[in-house]
Amino acid sequence: MERQQYVERCSELFAVGGYDSVRAAAEAGLEELGPDPVLYRWLGQAHAAADDEDHDREAETAYRKGLALAADDLGLLVSYLELCLRSDSFDHPGRARRAVVLQEKIEELAPPGSPERERVDAATGWAGRGYWDDLNVAAAQGQAQQAAIADQSVLVTDALRRAARGESGADTGEDLQAAEVAAAVELLQGAWNAPLRLILAHRVEAYVLTFLASFGLNKALVWSGVLDFSLWGWLFWVPVLVAEAKLRQAKKLGQERVIARIQARHDETHQSHSQPEHEHL
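Residues in the sequence shown are numbered consecutively from 783, following our numbering.
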């Protein structure tokens, strides 16, 4: 397979969160084609995305190998800088020192307003956040996540209603959101999942009623003298949490299917390109 094919595969898989597959593709490309700075960058980014100490070490190794081949590669420089800024300066003082050198070099190579400079500004802004900034960002991320789940609930409810009317779902192809919704419809079929479908169809109301029931039962048990302290009311949250878990499971299943389709398409393209050579031989 040609270098550009490996690069395109890594790019498409990374966009849908298939980091394990990106690492496998980059490693396969490096093994077949030899050292390549772009493939080392994808390998490093896929390791860094795991946000794990061992993966961070592998990412740093990949970036350093890539920069040994192309010292002025802005993609490698910025990716390595992001890794260094994210690392704890106490545990990894070497990365903290390298971050200064990397930033200076990027500012020499990348003109103001370029995508690389914007990534540097974003990374340095993130690294310079204080405790309250982290809390605000965490709160904003939590709100965004809840909004995404609420949007997914609406899409899944609409798809379930269409399925109940006997309307067949269209082929989702490599559309990640459509694949996630289709997976949710599959996971929520059956009479035993009817309560979960009802919760997702009336998500806000379900949260309000669950909170009131939970709080009310706990208070009633305490005020009546049955218990000094009660957590029994939290059991009302079980169906809500199960419904949310179904959505998370659907997101993972949909992602896995899209990753498999992207890989299958690339494999098919590779086979079609290599077939004439075999026939010629």
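Where is the CB? At the ideal position from N, CA and C, for every residue including glycine. These numbers were taken from a predicted model, which means no experiment stands behind them.
Alpha helix (DSSP H) containing Trp1005: first to last residue?
Your numbering for residue 1005 matches position 223 in the sequence shown. Trp1005 -> alpha helix (DSSP H) spans 985-1005.
Could you pull out every residue in the same chain whose Cβ sits closer than 6 Å to the Cβ of Arg771, ignoring the five residues on either side in sequence?
The displayed coordinates of the chain run from 783 to 1063. Any statement about residue 771 would go beyond what the structure contains.
Rounded C-beta distance between Ser1012 and Val1020? I'm assuming under 8 Å.
On the sequence shown, position 230 is the one that residue 1012 refers to. On the sequence shown, position 238 is the one that residue 1020 refers to. About 16 Å; that fails the 8 Å criterion.
Nearest to Val938 by alpha carbon, out of Leu970, Ala853, Gly955, Ala952?
Counting from 1 along the sequence shown, the entry for residue 938 is found at position 156. Of the listed residues, the one whose Cα sits closest to Val938 is Leu970.
Ala853 versus Asp870, Ala946, Val820, residue with shortest Cα-Cα distance:
For the purposes of this step, residue 853 is taken as the residue at position 71 of the sequence shown. Comparing Cα-Cα distances from Ala853 to each of Asp870, Ala946, Val820, the minimum goes to Val820.
Proximal residues to Leu858 (C-beta, below 8 Å), its chain only, five neighbours per side dropped:
Taking the sequence shown and counting its residues from 1, one reaches residue 858 at position 76. Around Leu858: Pro819, Tyr822, Arg823, Gly826, Tyr845, Gly848, Leu849, Ala852.
Element boundaries [alpha helix (DSSP H), containing Gln827]:
As a working note, residue 827 is residue 45 in the sequence shown. It spans 819-830 - the alpha helix (DSSP H) in which Gln827 sits, taken as one unbroken run.
Within the chosen definition, does the region 987-1003 reach the region 953-968 through at least 3 CB pairs nearer than 8 Å?
no
Is it buried or exposed for Val804, if we count other Cβ within 10 angstroms and need 16 for buried?
Counting from one through the sequence shown, the residue named residue 804 turns up at place 22. Classification for Val804: buried.
Using the Cα positions of Ala807 and Arg879, report the straight-line distance between them to the nearest angstrom.
Against the sequence shown, residue 807 aligns to sequence position 25. Against the sequence shown, residue 879 aligns to sequence position 97. If you take the alpha carbons of Ala807 and Arg879, they lie about 31 Å apart.
Span of the alpha helix (DSSP H) around Glu956
Position 174 of the sequence shown, counted from the first residue, corresponds to residue 956. Premise fails: Glu956 is in no alpha helix (DSSP H) and is neither H nor E.
Out of curiosity, what's the CA-to-CA distance linking Leu1029 and Leu942?
As a working note, residue 1029 is residue 247 in the sequence shown. As a working note, residue 942 is residue 160 in the sequence shown. Rounded to whole angstroms, Leu1029 to Leu942 spans 13 Å at the Cα level.
Please classify Val936 as buried or exposed, where buried requires at least 16 other C-beta atoms within 10 Å of its C-beta.
Locating residue 936 in the sequence shown gives position 154, counting from the first residue. Classification for Val936: exposed.
Less than 8 Å between the beta carbons of Leu884 and Leu863, yes or no?
In the sequence shown, counting from the first residue as 1, residue 884 sits at position 102. In the sequence shown, counting from the first residue as 1, residue 863 sits at position 81. Yes; because the gap between Cβ atoms is below 8 Å, this pair is in contact.
Could you tell me which of Glu898, Gln934, Arg901 sits nearest to Ala983, measuring between CA atoms?
Taking the first residue of the sequence shown as position 1, residue 983 is located at position 201. Of the listed residues, the one whose Cα sits closest to Ala983 is Gln934.
When you compare the CB positions of His1052 and Gln786, do they come within less than 8 Å of one another, or not?
Mapped onto the sequence shown, residue 1052 falls at position 270. Mapped onto the sequence shown, residue 786 falls at position 4. Contact: no.
Kindly indicate the opening and closing residues of the alpha helix (DSSP H) around Val798.
Counted from its first residue, the sequence shown places residue 798 at position 16. No alpha helix (DSSP H) holds Val798; DSSP gives it neither H nor E.
Between Arg985 and the rest of its own chain, which residues show a CB-CB distance below 7 Å, the 5 nearest in sequence each way excluded?
The residue labelled residue 985 in the question sits at position 203 within the sequence shown. Once the five neighbours on either side are set aside, the close Cβ partners of Arg985 are Ala932, Ser935.
For Asp834 and Glu842, what's the separation of their Cα atoms in angstroms?
As a working note, residue 834 is residue 52 in the sequence shown. As a working note, residue 842 is residue 60 in the sequence shown. The alpha-carbon atoms of Asp834 and Glu842 are separated by roughly 12 Å.
From Ala832 to Leu1009, what distance separates their C-alpha atoms?
Position 50 of the sequence shown, counted from the first residue, corresponds to residue 832. Position 227 of the sequence shown, counted from the first residue, corresponds to residue 1009. Using only the alpha carbons, I get a separation of about 45 Å.
By DSSP, does Trp974 sit in helix, in strand, or in coil?
To locate residue 974, count along the sequence shown from 1; it is residue 192. The three-state secondary structure of Trp974, taken from DSSP, is helix.
So, are the CB atoms of Glu956 and Arg901 less than 8 Å apart?
Residue mapping note: residue 956 aligns to position 174 of the sequence shown, counting from 1. Residue mapping note: residue 901 aligns to position 119 of the sequence shown, counting from 1. Against a cut-off of 8 Å, the Cβ pair of Arg901 and Glu956 comes out as no contact.
Figure out for me which residue from Val1024, Gln927, Lys1001, Ala930 has the closest Cα to the Cα of Trp974.
Locating residue 974 in the sequence shown gives position 192, where the first residue counts as 1. The candidate whose alpha carbon is nearest that of Trp974 is Val1024.
Classify Ser996 as buried or exposed, calling it buried when 16 or more other Cβ atoms lie within 10 Å of its own Cβ.
Taking the first residue of the sequence shown as 1, we reach residue 996 at position 214. Label assigned to Ser996: buried.
Could you compute how far the alpha carbon of Glu968 sits from the alpha carbon of Val798?
Here residue 968 is taken as the residue at index 186 of the sequence shown, counted from 1. Here residue 798 is taken as the residue at index 16 of the sequence shown, counted from 1. Going by the C-alpha atoms only, they are around 21 Å apart.
Is it true that the CB of Trp1014 sits closer than 8 Å to the CB of Leu999?
Taking the sequence shown and counting its residues from 1, one reaches residue 999 at position 217. Taking the sequence shown and counting its residues from 1, one reaches residue 1014 at position 232. A contact, by the Cβ cut-off of 8 Å.
Whole-angstrom Cβ separation of Phe796 and Ala828, contact assumed at under 8 Å?
Position 14 of the sequence shown, counted from the first residue, corresponds to residue 796. Position 46 of the sequence shown, counted from the first residue, corresponds to residue 828. The Cβ separation is near 7 Å, so the contact holds.
For Asp838, count neighbouring Cβ atoms within 10 angstroms of its own Cβ and tell me buried if that reaches 16, exposed if not.
Sequence index remark: in the sequence shown, residue 838 carries index 56 (1-based). Classification for Asp838: buried.
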